[in-house]
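To convert, count from 1 in the sequence shown and add 757; that's my numbering. Heads up, the thing below is written out as structure tokens.
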Amino acid sequence: MQKCRSCDAELEPFMSFGKQPIANGFLAPAEFAGEYFFEMRVASCPRCSLFQLIDQPEAERMFHGNYAFFSGTSSAMKTHFAGYAELVKTAYLAGEKDPFVVEIGSNDGIMLINFAEAGIRHLGIEPSANVAEVARGRGINTASKFFNRETAAEVVAANGKADAFMAANVMCHIPSLHSVIEGIGVLLKDKGVALFEEPYLGDVLAKTSYDQIYDEHVFLFSLTSVQHAFARHGFELIDALPQGTHGGSMRYVLARKGARPVGPNVTRLLQAEQVAGFAKPGTYLGFKSACERSRSDLVGLLRDLKAKGKRVVGYAATSKSTTVLNYCGIGPDLLEFISDTTPIKQGKFSPGMHVPVRSHAEFAAKYPDYALLFGWNHAKEILAKEEAYSKAGGKWIHFVPKVEIR
Ligand code: SAH
Ligand code: TMP
Ligand code: ZN
758 MQKCRSCDAE
768 LEPFMSFGKQ
778 PIANGFLAPA
788 EFAGEYFFEM
798 RVASCPRCSL
808 FQLIDQPEAE
818 RMFHGNYAFF
828 SGTSSAMKTH
838 FAGYAELVKT
848 AYLAGEKDPF
858 VVEIGSNDGI
868 MLINFAEAGI
878 RHLGIEPSAN
888 VAEVARGRGI
898 NTASKFFNRE
908 TAAEVVAANG
918 KADAFMAANV
928 MCHIPSLHSV
938 IEGIGVLLKD
948 KGVALFEEPY
958 LGDVLAKTSY
968 DQIYDEHVFL
978 FSLTSVQHAF
988 ARHGFELIDA
998 LPQGTHGGSM
1008 RYVLARKGAR
1018 PVGPNVTRLL
1028 QAEQVAGFAK
1038 PGTYLGFKSA
1048 CERSRSDLVG
1058 LLRDLKAKGK
1068 RVVGYAATSK
1078 STTVLNYCGI
1088 GPDLLEFISD
1098 TTPIKQGKFS
1108 PGMHVPVRSH
1118 AEFAAKYPDY
1128 ALLFGWNHAK
1138 EILAKEEAYS
1148 KAGGKWIHFV
1158 PKVEIR
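So, in structure tokens, the structure goes:
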């Protein structure tokens, strides 16, 4: 029996998304036979409400020296992280003499550039060597390491304690949650703050955006589960700020208990989670039914379009799309190909269901009748960019929050 990775309570999976491959494991036909699959079951902890995968593939299968994700490729995210950095500077560093900040999962330095350029002492902890090298090239101090208690002690020995610990879209990747929180405890000064933002459980439940669940995301956090996990280490939430990024995220701000005032958002959002039933099994059974309905609506629609002889193409081969394709059993019979702008994905096939991935030029050369919007979290940007497709009569298939043609 799998135990909760935060509080050790026994977990009972409430649903399975079936056999799933590595979400970012785009592959060539020669690799089809040896492809890795695991059963993707999920649970909500009955004691601490932490939403988690029952099994997660080993880290080496997902993250390697050739990590394909570069944060800085999105200009909207650059602006987002400039705002995040500004908040840290004004709310938590103002008045500090020679402040020091640490970010884990700092990638190519998209956030830390805002500290480096302001002459603020900083350190990025980024294990993926290739992206860390890009950050160093931009003058951002970066150590190629995994963050945990030991790394934190090394950082303190070399630099002294930190005023702020920061993270984005990485805490939900690391299964050893308590080792990370212990590291935060070692790293921070008495009045230091820890900030991190991750896809929010509340948005996933409200929008049936089950595609946020894939191998890399071992956790979907909420205020309830974060408060519970950090309390064991003497920390408490002092603020929580909803974000629009990645289809709905939450930025958590924590400090040592009693060290800083607790803002009104904390109580308000914790209460909202209670009302929404994050701790109740019924909530997850409702989510399971909603996922099943979404699947039958989507497959029904695609079969119907196929029967009518329509051409349907996927738009953006996101990591999230792997869950949708494999859970729904959508293969090349229903989807001609997936258009994606990432060169290393083009010419390969989608994990598990093996739908061909082609360049955007192929999409533009011969518009399909329908485009299935896997990059729904970038809808605004994509729909604006593809005005010509819509003008030519092309239709979009959305599946979040519900399956519909727009
Ligand atoms: N913060 C960036 C990047 C998120 S991707 C953004 O929001 O765009 C997650 C990053 O975390 C990857 O670059 C990965 O190499 C890194 N990572 C994974 N495990 C880690 C760990 N244990 N400690 C620090 N970084 C880690
Ligand atoms: P991710 O959501 O897993 O980070 O992946 C985003 C993918 O979407 C990435 O492969 C690039 C692709 N994409 C497009 O193909 N066209 C677009 O306009 C956008 C915004 C993303
Ligand atoms: Zn638990």
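We treat Cβ as the ideally placed atom computed from N, Cα and C, and that holds for glycine. In this text, all values refer to a predicted model and were calculated from it rather than measured experimentally.
Skipping 5 residues on each side, what residues in its chain have a beta carbon closer than 6 Å to that of residue 891? As a first step, residue 891 is located in the sequence shown; it is residue number 134 there, counting from the start. For residue 891, where only same-chain residues beyond five positions count, the Cβ hits under 6 Å are 865.
Could you check what DSSP says for residue 1073 in three-state terms: helix, strand or coil? For the purposes of this step, residue 1073 is taken as the residue at position 316 of the sequence shown. Note: residue 1073 maps to coil in three-state DSSP.
Using a threshold of 7 Å, is the CB atom of residue 925 nearer than that to any non-hydrogen atom of the ligand SAH? Locating residue 925 in the sequence shown gives position 168, where the first residue counts as 1. The answer is yes for residue 925.
Got a sec, what are the start and stop residues for the alpha helix (DSSP H) residue 878 sits in? Taking the first residue of the sequence shown as position 1, residue 878 is located at position 121. Counting along the chain, residue 878 falls outside any alpha helix (DSSP H), though it belongs to the beta strand (DSSP E) covering 878-882.
Please find out if some non-hydrogen atom of the ligand TMP comes closer than 7 Å to the beta-carbon of residue 837. Position 80 of the sequence shown holds residue 837. No; taking the cut-off as 7 Å, the Cβ of residue 837 has no heavy atom of the ligand TMP nearer than that.
Would residue 1007 and residue 954 be called neighbours here (beta carbons separated by less than 8 Å)? Your numbering for residue 1007 matches position 250 in the sequence shown. Your numbering for residue 954 matches position 197 in the sequence shown. Yes, the pair counts as a contact, with Cβ atoms nearer than the cut-off.
Mark residue 832 as exposed unless 16 or more other C-beta atoms lie within 10 angstroms of its C-beta, in which case mark it buried. Residue numbering aside, residue 832 sits at position 75 when the sequence shown is read from its first letter. It is exposed - the Cβ of residue 832 has fewer than 16 other Cβ atoms within 10 Å.
Could you give the first and the last residue of the continuous beta strand (DSSP E) run that contains residue 1155? Position 398 of the sequence shown, counting from 1, holds the residue named residue 1155. Counting along the chain, the beta strand (DSSP E) containing residue 1155 begins and ends at 1152-1155.
Is residue 773 helix, strand or coil when you go by DSSP? Working through the sequence shown from its first residue, we reach residue 773 at position 16. Residue state, collapsed to three classes: strand.
Could you name each continuous alpha helix (DSSP H) segment of 4 residues or more that falls completely within the region 973-1001, going from the start of the chain to the end? Those alpha helix (DSSP H) runs which fall completely within the region 973-1001 and span 4+ residues are 980-988.
Do you know how far the Cα of residue 1074 is from the Cα of residue 894? As a position in the sequence shown, residue 894 is number 137, starting the count at 1. As a position in the sequence shown, residue 1074 is number 317, starting the count at 1. Rounded to the nearest angstrom, the two C-alpha atoms are 29 Å apart.
Three-state secondary structure (DSSP) at residue 807? Taking the first residue of the sequence shown as position 1, residue 807 is located at position 50. Three-state DSSP puts residue 807 in coil, outside helix and strand.
Any beta strand (DSSP E) of 3 or more consecutive residues that is wholly inside the region 945-969: Whole beta strand (DSSP E) segments, 3+ residues: 945-956.
Have a look at residue 957 and residue 1005 and give me their C-alpha separation to the nearest angstrom. Translated into positions along the sequence shown, residue 957 becomes position 200. Translated into positions along the sequence shown, residue 1005 becomes position 248. When the Cα atoms are used, residue 957 and residue 1005 turn out to be separated by approximately 6 Å.
Checking the sheet assignment: what are the DSSP bridge partners for residue 923? As a first step, residue 923 is located in the sequence shown; it is residue number 166 there, counting from the start. For residue 923, which the question treats as bridged, DSSP gives the partners 860 and 952.
Please find out if some non-hydrogen atom of the ligand ZN comes closer than 7 Å to the beta-carbon of residue 804. On the sequence shown, position 47 is the one that residue 804 refers to. Checking every heavy atom of the ligand ZN against the Cβ of residue 804, one is found closer than 7 Å.
Okay, do the region 853-868 and the region 826-842 touch, 3+ Cβ pairs below 8 Å being the bar? The region 853-868 vs the region 826-842: in contact.
Bridge partners of residue 1137, per DSSP? Numbered from 1 along the sequence shown, position 380 holds the residue referred to as residue 1137. Beta-bridge pairing links residue 1137 to no other residue.
Pull up the distance between the alpha-carbon of residue 1078 and that of residue 853, whole angstroms please. Walking along the sequence shown from the start, residue 1078 turns up at place 321. Walking along the sequence shown from the start, residue 853 turns up at place 96. Spanning the two alpha carbons is a distance of roughly 44 Å.
Which residue comes first and which comes last in the beta strand (DSSP E) that contains residue 1051? As a first step, residue 1051 must be located in the sequence shown, where it is residue number 294. First-last for residue 1051: 1038-1064, but that is the alpha helix (DSSP H), not the beta strand (DSSP E).
Please list the terminal residues of the continuous alpha helix (DSSP H) segment that includes residue 1120. Taking the sequence shown and counting its residues from 1, the one referred to as residue 1120 is at position 363. Per DSSP, the continuous alpha helix (DSSP H) segment holding residue 1120 begins and ends at 1117-1122.
Going by CA-CA distance only, name the one from 1026, 1030, 848 and 995 that's closest to residue 1015. Taking the sequence shown and counting its residues from 1, one reaches residue 1015 at position 258. Closest option to residue 1015, judged by alpha-carbon separation, among 1026, 1030, 848 and 995: 995.
DSSP three-state assignment for residue 795, whether helix, strand or coil: Mapped onto the sequence shown, residue 795 falls at position 38. The answer is strand: DSSP assigns residue 795 an E or B state.
Please state the DSSP three-state secondary structure of residue 1130. Here residue 1130 is taken as the residue at index 373 of the sequence shown, counted from 1. DSSP places residue 1130 in strand when its eight states are reduced to three.
Using a threshold of 8 Å, state whether the C-beta atoms of residue 770 and residue 798 are closer than that. Here residue 770 is taken as the residue at index 13 of the sequence shown, counted from 1. Here residue 798 is taken as the residue at index 41 of the sequence shown, counted from 1. Cβ distance < 8 Å, so residue 770 and residue 798 count as in contact.
To the nearest angstrom, how far is it from the Cα of residue 977 to the Cα of residue 927? Here residue 977 is taken as the residue at index 220 of the sequence shown, counted from 1. Here residue 927 is taken as the residue at index 170 of the sequence shown, counted from 1. Going by the C-alpha atoms only, they are around 11 Å apart.
Inter-residue Cα distance where the pair is residue 1081 and residue 1017: Within the sequence shown, residue 1081 is the residue found at index 324, counting from 1. Within the sequence shown, residue 1017 is the residue found at index 260, counting from 1. If you take the alpha carbons of residue 1081 and residue 1017, they lie about 42 Å apart.
Of the residues 917, 851, 849 and 887, which one's Cα is nearest the Cα of residue 880? What you label residue 880 is simply residue 123 of the sequence shown in a count that begins at 1. For residue 880, the closest alpha carbon among the candidates 917, 851, 849 and 887 is that of 917.
Let me check understanding here. Comparing Cα to Cα, which of 762, 920, 1130 and 819 lies closest to residue 937? What you label residue 937 is simply residue 180 of the sequence shown in a count that begins at 1. Of the candidates 762, 920, 1130 and 819, 762 places its Cα closest to the Cα of residue 937.
Straight-line Cα distance separating residue 871 from residue 1117: For the purposes of this step, residue 1117 is taken as residue 360 along the sequence shown, with counting starting at 1. For the purposes of this step, residue 871 is taken as residue 114 along the sequence shown, with counting starting at 1. Between residue 1117 and residue 871, the C-alpha separation is close to 32 Å.
What number of angstroms, rounded off, separates the C-alpha of residue 1093 from the C-alpha of residue 1011? The residue given as residue 1093 occupies position 336 in the sequence shown. The residue given as residue 1011 occupies position 254 in the sequence shown. Going from the Cα of residue 1093 to the Cα of residue 1011 covers about 47 Å.
Using DSSP with H/G/I as helix, E/B as strand and the rest coil, what is residue 1113? Against the sequence shown, residue 1113 aligns to sequence position 356. Three-state result, residue 1113: strand.
Given 7 Å as the limit, tell me if residue 1156 has its C-beta closer than that to any heavy atom belonging to the ligand TMP. Counting from one through the sequence shown, the residue named residue 1156 turns up at place 399. No, Cβ of residue 1156 sits at least 7 Å from all heavy atoms of the ligand TMP.
DSSP three-state assignment for residue 869, whether helix, strand or coil: The residue given as residue 869 occupies position 112 in the sequence shown. It is coil, neither helix nor strand.
Out of curiosity, what's the CA-to-CA distance linking residue 1150 and residue 1064? On the sequence shown, position 393 is the one that residue 1150 refers to. On the sequence shown, position 307 is the one that residue 1064 refers to. Using only the alpha carbons, I get a separation of about 19 Å.
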